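Following the working numbering, the numbering of the sequence shown begins with 4 at its first residue and continues without gaps. Remarks on the structure that follows.
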Amino acid sequence: MVFTNKKLWTFLACCLMAVGLSSCRAGHVAALPGQTFTCAFPAAIPVGVRQGVYHSVAPGETVWRIARMYEVDADIIKEINNIKDVTDLEIGKRLYIPDAARRKDVITLYPGRKWEYMIIHHSATGRGNSSEFNRAHLKRGWKGVGYHFIIDNGTCGKDDGQIETTPRWIKQADGAHCKAGGMNSKGIGICLVGNFSRDKVSPRQMDSLVYLVNRLRKFYRIPKKNIMGHGRVPGARTECPGATFPWKRFRARLDR
Ligand SMILES: [Zn+2]
């Protein structure tokens, strides 16, 4: 391991912080019925402050992507966490991120003509994140999490309103979220964690949804009429994303 002076000081500072943080930042959280899992608490760093945090690797995340999320040098993350193969990060692996900025969502846009629709879903569960849905969808025999984006609700170690990009988006692959209308191959699947047949979309989830949808629709030139709930797709027999989903409020916030 070769350190420059700056890297060495960062490394030493991180070791000290890691010792101090390891006892208080990791926690065991309640699991979905029949499941047990441990995840780190969200990195709730105030804007402008930098500090060491733990990050649990989600499906599709690379060292490069995580480095961008926290504005940290990818080499430092690699060295401190003793990562040999940056292309093969284990899902759920807990990484220490030294001197991290407040986490930001990294949304990559890929040029192409594949996407003509956006389909909004809810998870119909009170809790979840990309890793949890990945596990559940693998069990169904699918190629991992079926959506392209997940908007978290502050459970399972993720921030309220955090946008997770899944491997299907990174690979620009078909989704497994809406068979009706052939939407899996032409519709971007966005899932909000929650059950909006009984719960409310949180204000942060709504902010993130509006931000994500506006970015995607401008880039791919998707007309507003092609942004719809799963249940509105002809042939789909579902209430998804829930009877109380605030469509009026959402549509009013889409850019012209
Ligand atoms: Zn759905």
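Glycine included, each C-beta is placed from N, C-alpha and C at the ideal position. Owing to the predicted nature of the structure, the values given are computational and were not obtained by experimental measurement.
query                                                                                                                                                              : result
Quick one: give me the first and last residue of the alpha helix (DSSP H) that Ser205 is part of.                                                                  : It is not in any alpha helix (DSSP H) - Ser205 carries neither H nor E in the DSSP assignment.
Taking 7 Å as the limit between beta carbons, can you name the residues of its chain near Arg53, skipping five residues before and five after?                     : Asp102, Ala103, Ala104
Hey, Ile166 and Asp108 are a contact pair by Cβ (cut 8 Å); roughly how many whole angstroms apart?                                                                 : 4 Å
With a threshold of 16 other CB atoms inside 10 Å of the CB of Ser188, please say whether the residue is buried or exposed.                                        : exposed
Output the residue ranges of the alpha helix (DSSP H) runs that lie fully inside the stretch 49 to 126 and measure 4 residues or longer, sorted by chain position. : 66 to 73, 77 to 83
Out of curiosity, what's the CA-to-CA distance linking Val213 and Glu135?                                                                                          : 24 Å
Is His180 near ligand 1, judged by its Cβ being under 7 Å from some heavy atom?                                                                                    : yes
Pull up the distance between the alpha-carbon of Arg68 and that of His58, whole angstroms please.                                                                  : 12 Å
Closer than 7 Å to a non-hydrogen atom of ligand 1 - does that hold for the CB of Thr241?                                                                          : yes
For a minimum of 4 consecutive residues, which ranges assigned as the alpha helix (DSSP H) are wholly contained in the stretch 165 to 194?                         : 170 to 173, 186 to 189
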